[in-house]
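Undergrad: Mapping of the sequence shown onto the numbering used here: residues 4 to 287, in sequence order. Even for Gly, the Cβ is constructed at its ideal location relative to N, Cα and C.
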Amino acid sequence: MSSISVKELLEHATVHKYGVPAINVFNYESVKWAIGAAEGERLPVIIQVYPGFREHIDLKYIADFTRDMAAKASVPVAVHLDHSNTFEIAVAGIRDGFPSVMLDGSTLPFEENVQMTKDVIRVARVFGVDVEAELGHVGTGSKLEDIVDAANYTSVEQAVEFVERTGCDSLAVAVGNAHGVYIKEPKLDFDRIAQIRYSLSIPIVLHGCSDIPDDQIQKSVNLGISKFNIATEYDRAIYQAICSNVKPEENKGSFFRLQSTAADEVKSFVVRKLRLLNPNNYSL
């Protein structure tokens with residue numbers, strides 16, 4: 004099975020009514036575990052990297068080995084650069100070999116978001132790279148107003164205009180979701196999701212999916228969202244799996260062994276997400 008483009012994968016998921024977990028990774032093991040879980044379930048997965056991790060690892064390195072692992076996987080695996088918030092970061096991701104990039108201009112005025120997205124897409128098209136955009140600001144889960152203030156949500160009318168003018172391949176929407184740990188249980192705006200899905204011909208993306216209740220996630224799948232970003236929960240699952248195996252008194256402690264013993268627990272987390280996002284029992 005060769006790697007697949009994010010656009011192609013999400014279009015397929017939209018038609019067949021399943022959701023694809025987009026797992027944020029930060030090193031070789033975090034990629035290996037996510038792909039291994041997907042292979043075990045015979046379901047597709049998206050591996051994505053947050054640009055802020057370039058302080059930890061050069062993004063070109065992670066793009067190189069992740070694309071290689073995707074090409075060798077036995078299930079469809081797409082590779083994506085998450086949350087570039089400037090033209091320069093997105094184009095650097097294209098330069099570094101990411102076959103798909105996300106441009107987040109959602110904090111900008113509408114016209115500026117349109118223009119920056121068009122500028123990135125013009126470069127991306129030269130290299131055959133997919134572009135995910137964002138409209139409506141997906142804020143921070145620790146700020147109550149970012150979750151409950153509908154003024155931050157995606158306007159259906161603006162979404163139609165935005166997609167027509169930019170030609171983006173997928174659109175991340177704000178519908179009561181937010182990044183990081185939620186200060187209050189989110190309540191997604193399902194009517195808005197349904198209206199956006201009805202009005203757009205491209206795949207829809209939900210950011211901030213960590214800790215959204217399972218029933219809301221599955222309803223979002225059935226309403227037509229196809230990409231679900233998972234970062235906070237995956238990072239937490241890795242942290243907890245390693246912590247559960249730490250023995251400070253052990254003289255021959257080994258970080259390599261900690262990673263090895265954490266593998267099954269972390270993969271089990273990804274398996275749960277794959278099954279959650281597959282309420283209609285799609286199979287390859």
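What does DSSP give as the partner residues of H83 in its beta bridges?
TA: DSSP lists Q51 as partners of H83.
Undergrad: Below 8 Å, how does it come out for the stretch 107-120 and the stretch 143-154: are there three or more Cβ pairs, yes or no?
TA: As far as the Cβ criterion goes, the stretch 107-120 does not touch the stretch 143-154, which means the pair count is below three.
Undergrad: What are the boundary residues of the beta strand (DSSP E) that F231 is part of?
TA: Counting along the chain, the beta strand (DSSP E) containing F231 begins and ends at 228-233.
Undergrad: Inspect the CB distances between the stretch 45-62 and the stretch 79-90 and report whether three or more fall short of 8 Å.
TA: As far as the Cβ criterion goes, the stretch 45-62 touches the stretch 79-90, which means the pair count is three or higher.
Undergrad: Using a threshold of 8 Å, state whether the C-beta atoms of G96 and S109 are closer than that.
TA: No. Outside cutoff.
Undergrad: Per DSSP, V104 is paired with what?
TA: L84, V134.
Undergrad: On the premise that A162 lies in contact with I199, defined as a C-beta separation below 8 Å, what is that separation, rounded to the nearest angstrom?
TA: The pair is a contact, with the Cβ atoms about 6 Å apart (cut-off 8 Å).
Undergrad: What three-state label does DSSP hand T89 in the structure shown?
TA: Three-state result, T89: coil.
Undergrad: Which one of E148, S173, E164 has the shortest CA to CA distance from G179?
TA: Cα-wise, what sits closest to G179 is E148.
Undergrad: Could you check where the alpha helix (DSSP H) with A153 kicks off and where it finishes?
TA: Segment: none, A153 is in no alpha helix (DSSP H) and carries neither H nor E.
Undergrad: Determine the extent of the alpha helix (DSSP H) in which S158 is found, giving its start and end residues.
TA: Element bounds for S158: n/a, residue is neither H nor E.
Undergrad: Indicate the three-state DSSP secondary structure (helix, strand or coil) for L277 in the structure shown.
TA: In this structure, L277 counts as helix in the three-state DSSP scheme.
Undergrad: Specify the secondary structure class of L287 as computed by DSSP and reduced to three states.
TA: Here L287 sits in coil by DSSP.
Undergrad: Taking the CB atoms as reference points, tell me whether N232 and G211 lie closer together than 8 Å.
TA: Yes, these two residues count as a Cβ contact at 8 Å.
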